[in-house]
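Counting in our numbering, the sequence shown runs from 185 upward without gaps.
Every residue gets a Cβ at the ideal spot worked out from N, C-alpha and C, and that includes glycine.
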Amino acid sequence: MSPRAVAYDAALSEAERLMAAASPGAAMAMLERAHVLGQREIGPHLRVHLLMLRAAWVLRDGRELRGQLLRLALTPIGHLSGRLPLGNTGASNVSPFEPMALPPELERLLRDEER
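Okay, here's the thing in structure tokens:
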């Protein structure tokens with residue numbers, strides 16, 4: 185398993201732990217990290233958006249719920265068209281089309297996998 189995949193799995197595990205500990209807001213932060221790491225593959229990408237939808241439901245955040253439903257619909261289109269904005273956190277407080285700056289440790293993981 186690549187270091188990126190290990191980091192993705194670790195972020196999802198931590199998000200699940202935080203959801204179980206009734207900390208959906210903190211879980212969202214870990215899911216945003218997982219989104220950046222997993223968005224290049226459709227399965228992991230969709231999984232993160234489903235978990236974000238669940239966190240939004242628990243938070244009773246209607247805006248985030250609507251945003252995640254939109255992103256779930258857009259994800260397959262983004263993969264088919266090859267238009268996935270690098271670094272985008274996947275949360276509804278940012279445009280689903282906007283690339284974002286990568287934190288250095290995530291940039292390193294993604295760059296190392298491209299080699």
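Nearest candidate by alpha-carbon position, reference residue i, set the options
i: R273; options: L202, E289, L196, L221; result: The sequence given here has Thr at residue 273, not Arg. Out of L202, E289, L196, L221, L221 has the C-alpha closest to the C-alpha of T273.
i: A211; options: L254, G266, A195; result: A195
Contact set for residue i: own chain, Cβ-Cβ below 7 Å, skip 5 residues either direction
i: G209; result: L243
i: A151; result: Residue numbering for the chain in the displayed model covers 185 to 299; residue 151 lies beyond these limits and cannot be assessed.
Distance between residue j and residue i (C-alpha atoms, nearest Å)
i: L264; j: L258; result: 10 Å
i: Q252; j: S276; result: 7 Å
i: L268; j: S197; result: 24 Å
i: P260; j: E289; result: 27 Å
i: A218; j: L293; result: 12 Å
i: L202; j: R295; result: 28 Å
i: S207; j: L256; result: 23 Å
i: P283; j: S186; result: 23 Å
i: Y192; j: G246; result: 26 Å
i: V232; j: E297; result: 20 Å
Supposed close pair residue i, residue j - CB separation, criterion 8 Å
i: A199; j: L235; result: 6 Å
i: L254; j: P280; result: 7 Å
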